[in-house]
Each structure stands twice: as C-alpha cells, then as structure tokens.
C-alpha cells in the first residue's frame with residue numbers, strides 16, 4: 439500500500455488554507471465587527487438625541503419656573519419696600535421713640551440685613567447641591583462608552 443492522500447484545498451499549491459470560509463448564510467468576522475461598530479454608533483447617536491431632548495425639557499421647565507419666580511419676586515419686593523417704609527414709623531409710635539426717630543429705621547434696617555444675609559447663604563448652599571446636568575443620560579452614555587472601549591481590545 440502506498441501513502442494515503444487527503445483531499446485538501448490548496449491555496450498557493452503547497453499549503454492548505456489557514457481559515458475555512460464561513461458556512462453559507464453566516465456572517466464573516468469582518469461583518470460581525472462592522473455590525474458591532476454600527477450598533478455602537480447608533481447607540482451613541484440615540485443617547486445624544488436623548489440627552490438633547492432631556493436638556494431641552496429641563497430648559498423649558500426652568501424657563502417656566504423662572505417666569506413665575508420673577509413675578510413672585512417682583513411682587514414680594516414691592517411688599518417689602520412698603521413694609522420697610524412703614525415698619526420704622528410703626529415702631530417709633532409703639533415704642534414712643536419720638537425723640538429718636540432714627541431708632542426705628544435702625545432696628546428695621548438691621549433686621550432686614552440679617553434676613554438678607556441668611557437668605558443669601560441659604561440660597562448659596564442649595565445652589566451648591568444642585569446639579570443642572572442630565573445625570574441619567576450622561577451615566578448611561580459613560581457606561582456604554584466604557585463598555586465599547588473595553589470590548590475593542
């Protein structure tokens with residue numbers, strides 16, 4: 439008996455091919471990688487649109503809230519001005535400070551100053567805790583980008 443011959447396709451006439459072609463109907467490795475890249479691009483594009491929509495909605499709500507706050511602050515300022523003018527006069531009458539008419543103005547001015555300082559510091563404290571960025575979308579985008587970066591290697 440002689441040597442056994444094996445039917446193997448030969449690529450260059452001396453060696454068998456390194457990889458076999460994929461079975462019919464199944465995607466190649468290149469097609470799979472390009473599909474993953476397209477899916478990643480589509481996902482990032484969708485998250486970008488979601489981020490834009492979330493920011494637009496936040497801006498719209500903020501504008502509405504600021505309009506009402508502006509009207510309220512304006513009305514409150516008029517009220518405070520009238521009170522600021524009348525309170526020292528009332529205080530002078532109640533405490534019988536007719537000899538020292540400036541005393542009522544001094545007391546009310548000091549109280550208003552303390553209230554203003556407390557209000558400014560309270561507002562500053564609240565503002566420092568406030569994050570105007572759309573956290574949910576940014577976190578999802580960050581997770582997807584890190585997943586893509588880790589799976590490219």
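Numbering (the working numbering), first residue to last: 439 to 591. Idealized CB from N, CA, C, for every residue including glycine.
What is the residue span of the alpha helix (DSSP H) that residue i lies within?
i, result
"residue 568", "Taken as a continuous stretch (DSSP letters only), residue 568 belongs to no alpha helix (DSSP H), as it is neither H nor E."
"residue 487", "467 to 532"
Between the C-alpha atoms of residue i and residue j, what's the straight-line distance to the nearest angstrom?
i, j, result
"residue 586", "residue 478", "7 Å"
"residue 514", "residue 537", "32 Å"
"residue 501", "residue 580", "28 Å"
"residue 508", "residue 566", "21 Å"
If you drop the 5 nearest sequence neighbours on each side, which residues of the same chain put their C-beta closer than 8 Å to that of residue i?
i, result
"residue 542", "525, 526, 527, 528, 529, 530, 533, 535"
"residue 490", "none"
"residue 551", "none"
Which whole-angstrom value is the C-beta distance of residue i and residue j, which I expect to be below 8 Å?
i, j, result
"residue 522", "residue 546", "7 Å"
"residue 589", "residue 485", "Not really, about 17 Å apart at Cβ, beyond 8 Å."
"residue 575", "residue 492", "5 Å"
By Cβ distance below 6 Å, which residues in the same chain neighbour residue i in space, the five residues on each side in sequence not counted?
i, result
"residue 573", "none"
"residue 563", "none"
"residue 511", "none"
To which residues of the same chain is residue i closer than 7 Å at the C-beta, ignoring the five residues directly before and after it?
i, result
"residue 475", "none"
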